[in-house]
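Engineer:
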Amino acid sequence: VQLQASGGGLVQPGGSLRLSCAASGSIFSLNVLGWYRQAPGKQRELVATKTDGGSSNYADSVKGRFTISRDNAKNTVNTVYLQMNSLKPEDTAVYYCIYRDRLNFAYWGQGTLVTVSS
Numbered sequence: 056v057q058l059q060a061s062g063g064g065l066v067q068p069g070g071s072l073r074l075s076c077a078a079s080g081s082i083f084s085l086n087v088l089g090w091y092r093q094a095p096g097k098q099r100e101l102v103a104t105k106t107d108g109g110s111s112n113y114a115d116s117v118k119g120r121f122t123i124s125r126d127n128a129k130n131t132v133n134t135v136y137l138q139m140n141s142l143k144p145e146d147t148a149v150y151y152c153i154y155r156d157r158l159n160f161a162y163w164g165q166g167t168l169v170t171v172s173s
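Numbering of the sequence shown is given in the numbering used here, commencing with residue 56 and proceeding in unit increments.
Structure, rendered in structure tokens:
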């Protein structure tokens, strides 16, 4: 499985960004796509995930501000999106896309940097 993420950048506090990640290759059912992030000096943490069945999970710190969605229209490419609104400086981090298969094996994409600063 290959993951290609995009959409990071610099945004002012209160602004919005949308991240995208395309998962391609051996995509089978019962999978999870999502996002983790890692801020400088901190451990990587869950942001949001979504199963191919539609169940979503969010970190408490982003609930009500971030929305995860995914497009499973293509059998060989599943795309996950993270709409981030009302961004705060503490959202600054490298955001990593993750794909977990039915055996819970994790594939990671390259990170994309999100910087929230005035």
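Ideal Cβ placement from N, Cα and C applies to all residues, glycine included.
Our contact map puts A148 next to Q93 with C-beta atoms below 8 Å; I'd like the distance itself, whole angstroms only.
Structural biologist: At roughly 6 Å, the Cβ-Cβ gap stays under 8 Å, so A148 and Q93 are in contact.
Engineer: Specify whether the region 79–94 and the region 150–160 touch according to this definition: at least 3 beta carbon pairs, one from each stretch, less than 8 Å apart.
Structural biologist: Touching, yes.
Engineer: Just grab the DSSP bridge partners of N112 for me.
Structural biologist: According to DSSP, which records beta bridges pairwise, N112 is partnered with T104.
Engineer: According to DSSP, simplified to helix, strand and coil, what is D156?
Structural biologist: Here D156 sits in coil by DSSP.
Engineer: Quick check on V117: does DSSP put it in helix, strand or coil?
Structural biologist: Here V117 sits in helix by DSSP.
Engineer: Only counting the same chain, and skipping five residues up and downstream in sequence, which positions put a Cβ closer than 8 Å to that of K181?
Structural biologist: Residue 181 falls outside the range modelled here, since the chain spans only 56 to 173, and no answer is possible.
Engineer: Excluding the 5 residues preceding and the 5 following G70 in the sequence, name in chain order all residues of the same chain whose CB lies nearer than 6 Å to its CB.
Structural biologist: Within the same chain, G70 has close Cβ partners L142.
Engineer: My guess is that S173 and P68 are in contact by the Cβ rule of under 8 Å, so how many angstroms apart are they, rounded?
Structural biologist: The pair is a contact, with the Cβ atoms about 6 Å apart (cut-off 8 Å).
Engineer: Leaving aside the five residues before and after V132 along the sequence, list all residues of the same chain whose C-beta is less than 8 Å from its C-beta, in chain order.
Structural biologist: Cβ within range, chain order: A77, A78, S79 and I82.
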